[in-house]
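**Q** Sending over a structure as structure tokens; questions will come in a sec.
Numbering (UniProt numbering), first residue to last: 1 to 343.
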């Protein structure tokens, strides 16, 4: 995901007159599914035409040839060039986001700004037509590489995955692991001093390092085959995931173009697990259920909140400069100098 203060031009997005994309309250069934599993898939939140607008100049920005697989890299997390209002672009999705977070008044207004920071998965020759067990994927993580994590962190209120391409089974969908939420929640609960984005406790060796996904890989390996879900669907679908949802990029054995983004949702205040009126958001309810608790009276963080500037931003800045040069020249190739891991 992007660091929230990354600045890109805001533009007016295309809208849809299709009534299926309009805002609507979540149904009781949708709420209970989120409580039980920590994720929700909303269908038809925006149209193919709107997705085409977001995907504009995709191959030029990538510096790859859509008809030449030898020019493809497996995964690329592209820097943003434009931002746009999610409330206007995908009102159904924005309405659900705010409802899961406890109301729009709990969400930082800038969270309405989605970006064209496309996350592209094209697969690789090594894994083409090959099944890989979810436990053996190499990208398991929880989002939020720009802050020290606490159980109540406001920097990551929800994980959002809009689908800007159709995603068939085996077509590169992000793999999620709902069964891991209790394990991540317990780790954060037991470390009120805070942990690094890689879940290393403050004061332990490796706390300041940017590398190392061992904690997440160990959690994934400890889960049964049936614990995993592939985020597949049609253009316009939007997945809404609990912020502690373990997830990984997949190998895309079909090698079909897969395009998503991960627009951040930030909260105005830290989450609370001891509300006297019990007015917990659905996100907070999932965390409490994962811990087997109705409330957490007395739980508090034990160290200051802390932001970090990940090296990923330097990488993406170089990619953006390369893409702008290609777009200015009307070129389709060559590719960016580097790529970064993506969902």
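Using N, Cα and C, we set each Cβ at its ideal position, and we do this for glycine too.
Classify residue 334 as buried or exposed, calling it buried when 16 or more other Cβ atoms lie within 10 Å of its own Cβ.
**A** Residue confidence for residue 334 is low, a pLDDT of 37 falling below 50, so the modelled location carries little weight; the figure read from the coordinates is stated next. Residue 334 is exposed by the Cβ-count criterion.
**Q** Between the C-alpha atoms of residue 337 and residue 62, what's the straight-line distance to the nearest angstrom?
**A** Low per-residue confidence applies at residue 337: pLDDT is 29, beneath 50, and the placement is therefore not dependable, though the value from the model is reported in the following sentence. Straight-line Cα distance between these residues: approximately 10 Å.
**Q** Output the residue ranges of the beta strand (DSSP E) runs that lie fully inside the region 3-66 and measure 3 residues or longer, sorted by chain position.
**A** Taking only runs of at least 3 residues, the beta strand (DSSP E) segments lying wholly in the region 3-66 are 39-42.
**Q** Determine the contact status of residue 89 and residue 236, defining contact as a CB-CB distance below 8 Å.
**A** The answer is no: Cβ separation not under 8 Å.
**Q** In chain order, what residues of the same chain lie with their CB nearer than 7 Å to the CB of residue 302, ignoring the 5 residues before and after it?
**A** Excluding residues within five positions, the ones whose Cβ falls inside 7 Å are 192 and 193.
**Q** Which word fits residue 93, buried or exposed, when buried means at least 16 other C-beta atoms lie within 10 angstroms of its C-beta?
**A** By the 10 Å Cβ count, residue 93 comes out buried.
**Q** Below 8 Å between beta carbons: does that hold for residue 347 and residue 258?
**A** Since the first residue shown for the chain is 1 and the last is 343, residue 347 is missing from the structure and cannot be characterised.
**Q** Check whether the Cβ atoms of residue 148 and residue 305 sit closer than 8 Å, and answer yes or no.
**A** The answer is yes: Cβ separation under 8 Å.
**Q** Any Cβ of chain D within less than 8 Å of the Cβ of residue 120?
**A** Note that chain D does not occur in the displayed structure, where there is just one protein chain.
**Q** Tell me which residues share the same chain as residue 182 and place their Cβ nearer than 6 Å to its Cβ, disregarding the 5 neighbours each side in the sequence.
**A** Answer for residue 182: 290, listed in chain order.
**Q** Starting from the C-beta of residue 198, find all residues in its chain whose C-beta is less than 6 Å away, skip the five residues before and the five after it, and write them out in chain order.
**A** Excluding positions up to five away in sequence, the list reads 212.
**Q** Looking only at DSSP bridge pairs, what is residue 135 linked to?
**A** Answer is none; residue 135 lacks a bridge partner.
**Q** Contact check, residue 184 vs residue 83 under 8 Å by CB: the rounded distance?
**A** The Cβ separation is near 29 Å, so there is no contact.
**Q** Could you check whether residue 269 and residue 344 sit closer than 8 Å to each other, using their CB atoms as the reference points?
**A** Here the chain has residues from 1 to 343 only, and residue 344 is not among them.
**Q** For residue 81, tell me which candidate among 54, 69 and 104 has the shortest Cα-Cα distance.
**A** With distances taken between Cα atoms, residue 81 lies closest to 54.
**Q** From the DSSP output, which residues share a beta bridge with residue 237?
**A** DSSP lists no partner for residue 237.
**Q** Are the CB atoms of residue 25 and residue 99 nearer to each other than 8 Å?
**A** The answer is yes: Cβ separation under 8 Å.
**Q** Assuming the contact rule is C-beta atoms closer than 8 Å, residue 59 and residue 239 should be a hit. Round their C-beta distance to whole Å, please.
**A** In fact, because the Cβ distance is near 25 Å, the residues do not count as touching under 8 Å.
**Q** Suppose contacts are defined by Cβ-Cβ distances below 8 Å. Is residue 127 in contact with residue 253 by that definition?
**A** Yes, the Cβ-Cβ distance between residue 127 and residue 253 is below 8 Å.
**Q** Taking the C-alpha atoms as reference points, what is the distance between residue 220 and residue 175?
**A** The alpha-carbon atoms of residue 220 and residue 175 are separated by roughly 11 Å.
**Q** Please state whether DSSP places residue 309 in a helix, a strand or coil.
**A** The answer is coil: DSSP assigns residue 309 none of H, G, I, E or B.
**Q** Within the same chain, show all residues whose beta-carbon is closer than 6 Å to that of residue 256, passing over the 5 residues directly before and after it, in chain order.
**A** Once the five neighbours on either side are set aside, the close Cβ partners of residue 256 are 171.
**Q** What's the gap between the Cα of residue 231 and the Cα of residue 165?
**A** Spanning the two alpha carbons is a distance of roughly 12 Å.
**Q** I'd like to know whether the C-beta atoms of residue 74 and residue 263 end up nearer to each other than 8 Å.
**A** No, these two residues do not count as a Cβ contact at 8 Å.
**Q** Any chance you could list the beta strand (DSSP E) runs of at least 3 consecutive residues sitting entirely within the region 197-285, in chain order?
**A** Listed in chain order, they are 238-241, 246-248 and 258-260.
**Q** Please determine, among 274, 279 and 28, the residue with the shortest C-alpha to C-alpha distance to residue 297.
**A** The candidate whose alpha carbon is nearest that of residue 297 is 274.
**Q** For residue 162, which residues does DSSP report across the bridge?
**A** DSSP output for residue 162 lists 238 as bridge partner(s).
**Q** If you draw a straight line from the C-alpha of residue 241 to the C-alpha of residue 158, how long is it?
**A** Going from the Cα of residue 241 to the Cα of residue 158 covers about 6 Å.
**Q** Which residues share a DSSP beta bridge with residue 176?
**A** Beta-bridge pairing links residue 176 to 229 and 247.
**Q** Using CA atoms only, rank isn't needed, just tell me which of 286, 33 and 271 is closest to residue 156.
**A** Selected option, being the one with the closest Cα: 271.
**Q** Suppose you measure from the CA of residue 261 to the CA of residue 118; what does that come to, to the nearest Å?
**A** So the two alpha carbons sit approximately 5 Å from each other.
**Q** Given residue 67, which residues of its chain have a CB within under 6 Å of its CB, disregarding the five upstream and five downstream residues?
**A** Excluding residues within five positions, none has a Cβ falling inside 6 Å.
**Q** Tell me which same chain residues have a C-beta within less than 7 Å of the C-beta of residue 101, skipping the five on either side of it?
**A** So the qualifying residues of the chain are 107, 157, 158, 265, 267, 281 and 283.
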